[in-house]
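Undergrad: With the first letter of the sequence shown counted as 1, position 101 gets the number 84 in the working numbering; the numbers rise by one all the way through.
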Amino acid sequence: LAFSPGFRWGTTLLPGQPITREWLLDMTATTYSYATVTEMTGETIKTVMEDVCDNLFNPDPYYQQGGDMVRVGGMSYSVDPTAKMGSRINDMRLNGKLIEAGKKYKVAGWAPVAEEARNAGNKMVWEVVEQWLKAQGGKVGARKLNAPKVSGVVPNPGYVV
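1) Check whether the segment 105 to 120 and the segment 36 to 48 are in contact - that is, three or more C-beta pairs closer than 8 Å.
2) Would the beta-carbon of Val90 fall within 9 Å of that of Glu22?
3) Please specify which runs of the alpha helix (DSSP H), each continuous and at least 4 residues long, are wholly inside the segment 16 to 46, giving them in chain order.
4) If we call anything under 9 Å between Cβ atoms a contact, is Met52 one with Pro131?
5) Could you name the residues of the same chain whose beta carbon sits closer than 8 Å to that of Arg76, not counting the 5 residues immediately before and after it, in chain order?
6) Short check: CB of Ser16 to CB of Val123, under 9 Å?
7) Quick one: does the C-beta of Ile82 sit closer than 8 Å to a heavy atom of the ligand GDP?
8) Mind listing, in chain order, the continuous beta strand (DSSP E) runs of no fewer than 3 residues lying wholly within the segment 41 to 113?
9) Going by beta-carbon coordinates alone, are Ala12 and Gly56 separated by less than 9 Å?
10) Mind checking which residues open and close the alpha helix (DSSP H) that includes Arg4?
11) Tell me, which residues are paired with Lys132 by DSSP?
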């Protein structure tokens, strides 16, 4: 599975336009975007996701740190932003099977928080994405959106389904 804080800048690419190296770097060129693969237990995965949720949905606005929810690839889950810390993330599944708290999983990412990543010799994220794009033979199709099941937010006029 993969965690990505997401890239929120760059120019729009319309359907049918070529994906160029210039466009790729426009989206991904940062100084801290080292690609990583880390082993995490299911418990750690849940803790990470709960921590990000708490940065966004803590009932005390002084503890809200802003940002947005981490994007997750390969894993489905449910989230209730109104629940208490530790109870917001549920039903985490990888390939349809429940994530087990004590089991280890490989988690890919690109925004490491440890300095060891800088010295580990890992590729930058744009190198990994460029390699993947080349392997697609010049064609990239639309993919099904991996959106979590959200509960506890209706009737909130700010929530759009």
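We put the CB at the ideal spot given by N, CA and C, even for glycine.
TA: On the basis of the coordinates in this document:
1) no
2) yes
3) 25 to 40
4) yes
5) Excluding residues within five positions, the ones whose Cβ falls inside 8 Å are Met58, Ser59, Tyr60, Ile82.
6) no
7) The ligand content of the structure shown is nil, which means the ligand GDP is not present either.
8) 54 to 56, 58 to 62, 72 to 77, 87 to 92
9) no
10) 4 to 11
11) Ser61
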